[in-house]
Amino acid sequence: MPLYEYKCEGCGKRFTFLYGVVADNVSPKCPRCGGTSLKKLISRTRRLRGEDEIIEGMAESLGDIDETDTRAIRKFIKRMGKELGSELGEDLTDELEAALEEEAKGRGEEEADERIY
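Take any residue in the sequence shown, count from 1 to its spot, add 3: that is its number in my numbering.
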C-alpha cells in the first residue's frame, strides 16, 4: 500500500496518507483542520518500521539524555513526535513542550506535570 505525503493548503500541516485497496477509495483530508485542499509532496522513500522497532530505538537513545538538559529533552520529544506520528498526536507534543517551558520559567515540576496529566 503506497504512502503519500501531503501539505494542507489551509493550515500548512504536513501529513502522510496511506492509500488502501481500490474498494476503499477514500480521499485524504487534513488531520488538523479537516481541509481537502491539499498539495501532494514529493518525499523520500523510506522503509517502514514497526512500532516495536521504533520504540526500541528511542529507548536506546533515551539513556543518553541528561534529564537536566531541557534542550536535549525538547529535541527528544520532537523526534518522538516525528517517529510516532499520529499515534503520539500533536496535542501531546504541544503539551510536553508547554510543560518544559513552565518548568524552565521556574513554575515548578508539579505545575508542569499537571499540564501533561
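Positions of the beta carbon are idealized from the N, C-alpha and C atoms, including for glycine.
Open item on the list: Let me check understanding here. Comparing Cα to Cα, which of E104, G13, S30 and C14 lies closest to F20?
Closed with: F20 has its Cα closest to that of S30, out of E104, G13, S30 and C14.
Open item on the list: Please identify the residue among L103, E56, K108 and Y7 whose C-alpha is closest to the C-alpha of S46.
Closed with: Y7
Task: Length-filtered (4 minimum) alpha helix (DSSP H) runs lying within the segment 63 to 91 - done: The qualifying runs are 73 to 87.
- [ ] Express the C-alpha separation of C36 and K1 in angstroms, rounding to a whole number.
- [x] Since the displayed the chain opens at 4 and closes at 120, residue 1 lies outside it and no answer follows.
Task: Minimum C-alpha distance to K10 - residue among P34, G60, G38 and K42 - done: K42
Task: Member of M61, T73 and K32 whose CA lies at the smallest distance from the CA of K85 - done: M61
Open item on the list: Can you tell me whether E8 is helix, strand or coil according to DSSP?
Closed with: strand
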